[in-house]
Amino acid sequence: MAVQVIDGRNLEAPEPLELTLNALDAMPDGDEVVVLLNCQPRPLYQILQRNGYVWTENWRPDGSNEVHIRRA
């Protein structure tokens, strides 16, 4: 399983969303995309749910959100 990490903590919207969606489009089955953000990306979660992805959140001690995304 390969993991692609996208660090969107210092990017302006909608760049983190666009980078994440592009990575998911190219992601082979069984791989994972991890997105680092300073927020809870509710618009992304709606897109993920509609398109059959599963995700988990991990709030880190520095206050950032680590979102792990895989195909369901």
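All residue numbers for the sequence shown refer to my numbering, where the first residue is 63 and numbers rise by one.
Glycine residues also receive a C-beta, built at the ideal position from the N, C-alpha and C atoms.
*Reduced DSSP secondary structure (H/G/I, E/B, other) of residue 73*: coil
*Closer than 7 Å by C-beta to residue 95: which residues in its own chain qualify, once you throw out the five before and the five after it? Chain order, please.*
66, 68, 82, 85, 86, 89 and 131
*For residue 108, does the three-state DSSP call read helix, strand or coil?*
helix
*Which one of 108, 99 and 122 has the shortest CA to CA distance from residue 116?*
108
*What do you reckon, are the CB atoms on residue 70 and residue 76 nearer than 8 Å?*
no
_residue 36 burial status per 10 Å Cβ neighbour count (16 or more: buried)_ = No answer is possible for residue 36: it lies beyond the span of the chain, which begins at 63 and ends at 134.
*Since residue 127 contacts residue 119 with CB under 8 Å, what's their CB separation in whole angstroms?*
6 Å
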